[in-house]
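One structure below.
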Amino acid sequence: MAPKRRLRNSGGQDPPSKVFIMDETVAEYIRRTVLRIPRSETSKMLTSWGFLSETQLQSLKIHHFKEKISEAVVELCEENQATIKDAAELDLIYNYIYQDKKTWIVYQMTREDDEDAVIFNWTTFKKKFKCTLLSVLKNATISFKEYEDNSVWIRIAWGTQYTRPNQYKPTYVVYHSQTPYIFIANSMVKRNNTLLFQALLAATCYKDIHEMGLRSHCLNSLKVILFKRFSQTFQTYLPQPLQEKNSTLENVDPRIIIEDKHEKERIQKVNQETFGNGPQPKLEHAQYKLETVFKSEERSILNTDEPFRCTIRFSSPHLLEALKSLGPCGIADAPLSPLLTCITRKARNYFKIREKKDLSQTNNTFQVN
Numbered sequence: 005m006a007p008k009r010r011l012r013n014s015g016g017q018d019p020p021s022k023v024f025i026m027d028e029t030v031a032e033y034i035r036r037t038v039l040r041i042p043r044s045e046t047s048k049m050l051t052s053w054g055f056l057s058e059t060q061l062q063s064l065k066i067h068h069f070k071e072k073i074s075e076a077v078v079e080l081c082e083e084n085q086a087t088i089k090d091a092a093e094l095d096l097i098y099n100y101i102y103q104d105k106k107t108w109i110v111y112q113m114t115r116e117d118d119e120d121a122v123i124f125n126w127t128t129f130k131k132k133f134k135c136t137l138l139s140v141l142k143n144a145t146i147s148f149k150e151y152e153d154n155s156v157w158i159r160i161a162w163g164t165q166y167t168r169p170n171q172y173k174p175t176y177v178v179y180h181s182q183t184p185y186i187f188i189a190n191s192m193v194k195r196n197n198t199l200l201f202q203a204l205l206a207a208t209c210y211k212d213i214h215e216m217g218l219r220s221h222c223l224n225s226l227k228v229i230l231f232k233r234f235s236q237t238f239q240t241y242l243p244q245p246l247q248e249k250n251s252t253l254e255n256v257d258p259r260i261i262i263e264d265k266h267e268k269e270r271i272q273k274v275n276q277e278t279f280g281n282g283p284q285p286k287l288e289h290a291q292y293k294l295e296t297v298f299k300s301e302e303r304s305i306l307n308t309d310e311p312f313r314c315t316i317r318f319s320s321p322h323l324l325e326a327l328k329s330l331g332p333c334g335i336a337d338a339p340l341s342p343l344l345t346c347i348t349r350k351a352r353n354y355f356k357i358r359e360k361k362d363l364s365q366t367n368n369t370f371q372v373n
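In the numbering used here, the protein residues as written are 5 to 373.
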């Protein structure tokens, strides 16, 4: 049995009436969620939650220590008979606002080639998702929240056949209707992933789902890449693109004696064709796993059946902007390798490069996936 919060005895002589006793798990989860909210955002987020009345919100002393604020919120929630459903909704609101704190992994769903698209309905989606998952695992807490950008956020707290759902390690799922893309964060357990994928496929009427090799902390940048709101050649994904620079390259340092202006113009043109003339979507990493077999005419240690494997990882707070600056700064030749410039076009930043043998077996080429 879960511990319950004790209510003070009123001291009256009337027969005891039926009172609501809030689950201690709910109270503690609400308290911890409030502690995570920055003080300056507390009132705004609690208002968005909509669970507390305006009078209750005004009674909160936001200038007090956060511990005191969290305890006051818990007491008000107990008055309003809060359940785990209410606590989960507050958690969804928090993670929607601070979505960049998580790593989002992109999955793509597919249908058969001759299969027609299905008319989408949020009510049907939520019902099918919940029924499919709960039919296999009863001990799970599932919460939904719809947003104006035609997306639904799903929070799943997983339990087992013998344990209650762990509210502190939930999985978050973001889905935009009429798209084949799913964004998932905090999904570490393979068994849970299998159940989650089954529920998603049943709710969306797709047949298969696979990871795309695209991930980032910035959920909006992933959407920009996938929903084609960003074009490397014709437009930028932000409403205010940078002004096009004059081909004469103003602001040339007068101390430079010899300046190859034609080369700088070429680099600028190549860079603009490759990356566009505006800010890039925000990705933090790009990873390349290489697998190849060294060839030599003489039988040596390099000519073995065991392939050579290595992993190369590029990291930056804003990787695509960093790559974009390499050519103009003279750090790398322009154009850059297609392996670096194809990230947005291929919609992936995790690559596997394997040897692809030709028919003559004399040359080695590589396939990227």
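A virtual CB, placed ideally from N, CA and C, is assigned to each residue, including glycine.
Using 9 Å as the threshold, is the C-beta distance between residue i and residue j below it?
i	j	result
Glu277	Leu323	no
Leu226	Arg219	yes
Leu343	Phe355	yes
Leu96	Arg159	yes
Asn84	Gln60	yes
Thr145	Pro169	yes
Gly163	Leu141	yes
Phe55	Glu93	yes
Tyr111	Met216	yes
Ala351	Ile271	no
Rounded to whole angstroms, what's the CA-CA distance from residue i to residue j? Just pull it up for me.
i	j	result
Val372	Ala189	26 Å
Thr46	Val38	7 Å
His214	Lys130	21 Å
Glu359	Glu295	7 Å
Leu242	Cys222	Reliability fails at Leu242, whose pLDDT of 40 lies under 50, so the model's placement of it is uncertain and no value is given.
Arg317	Lys268	29 Å
Phe24	Ala86	9 Å
Leu246	Thr175	Because the pLDDT at Leu246 is just 39, under 50, the model does not fix this residue reliably, and the point stays unresolved.
Ala31	Trp53	16 Å
Asn353	Ile347	6 Å
Asp309	Gln291	25 Å
Lys211	Lys149	25 Å
Gln236	Arg349	Note that Gln236 scores 47 on pLDDT, short of 50, meaning its location in the model is unreliable; the coordinates nonetheless yield the value given after this. So the alpha carbons of these two residues sit roughly 8 Å apart.
Pro321	Lys105	13 Å
Ala203	Ser139	10 Å
Tyr102	Met49	11 Å
Asp120	Cys209	10 Å
Ala326	Asn224	19 Å
Gln239	Ile88	Only weak support exists for where Gln239 lies, its pLDDT of 38 falling under 50; the coordinates are left without a value.
Ser14	Ser147	Caution applies to Ser14, whose pLDDT of 46 falls short of 50 and renders its modelled position unreliable; the value that the coordinates give is listed next. Taking the straight line from one Cα to the other gives about 35 Å.
For residue i, which of the options has the nearest alpha-carbon?
i	options	result
Glu28	Glu75, Phe279, Glu310, His67	Glu75
Gly282	Lys328, Glu82, Lys105	Lys328
Asn125	Gln103, Ser147, Ser155, Lys105	Ser155
Lys173	Cys135, Tyr185, Asn196, Glu152	Asn196
Cys4	Ala326, Phe298, Asn275, Lys293	Lying outside 5 to 373, the shown extent of the chain, residue 4 is not represented and no answer is given.
Leu330	Ala351, Lys286, Lys265, Asn275	Asn275
Thr107	Pro311, Glu93, Phe312, Lys286	Lys286
Ile34	Cys81, Gln62, Lys65	Cys81
Ile357	Asp337, Phe312, Tyr151	Phe312
Phe69	Met26, Arg40, Ile88, Ser57	Arg40
Cys135	Ala207, Ser44, Trp157	Ala207
Met113	Leu205, His266, Ile335	Leu205
Hey, could you find the ends of the alpha helix (DSSP H) residue i is sitting in?
i	result
His322	Note, His322: premise wrong, no alpha helix (DSSP H); not H, not E.
Thr136	126-140
Ser52	46-53
Glu93	88-101
Gln276	265-279
Ala31	28-40
Ala203	194-208
On the DSSP bridge list, what partners appear for residue i?
i	result
Lys295	What sits at residue 295 in the sequence shown is Glu, not Lys. Looking at the DSSP assignment, Glu295 forms a beta bridge with Arg313, Arg358.
Glu215	Tyr111
His180	Ser155
Val372	Ile357
Thr348	Answer by DSSP bridge pairing: none, since Thr348 is not bridged.
If you follow the beta strand (DSSP E) that residue i is part of, which residue opens it and which one closes it?
i	result
Ile123	Looking at the DSSP string, Ile123 is not in any beta strand (DSSP E), and its letter there is neither H nor E.
Ile335	Segment: none, Ile335 is in no beta strand (DSSP E) and carries neither H nor E.
For the ligand PLP, is there a heavy atom less than 8 Å away from the beta-carbon of residue i?
i	result
Pro339	Absence of the ligand PLP from the depicted structure is noted, as is the absence of any ligand whatsoever, leaving it without description.
Measuring only between beta-carbons, confirm whether residue i sits less than 9 Å from chain D.
i	result
Asp309	Of the chains in the structure shown, none is chain D; there is only one protein chain.
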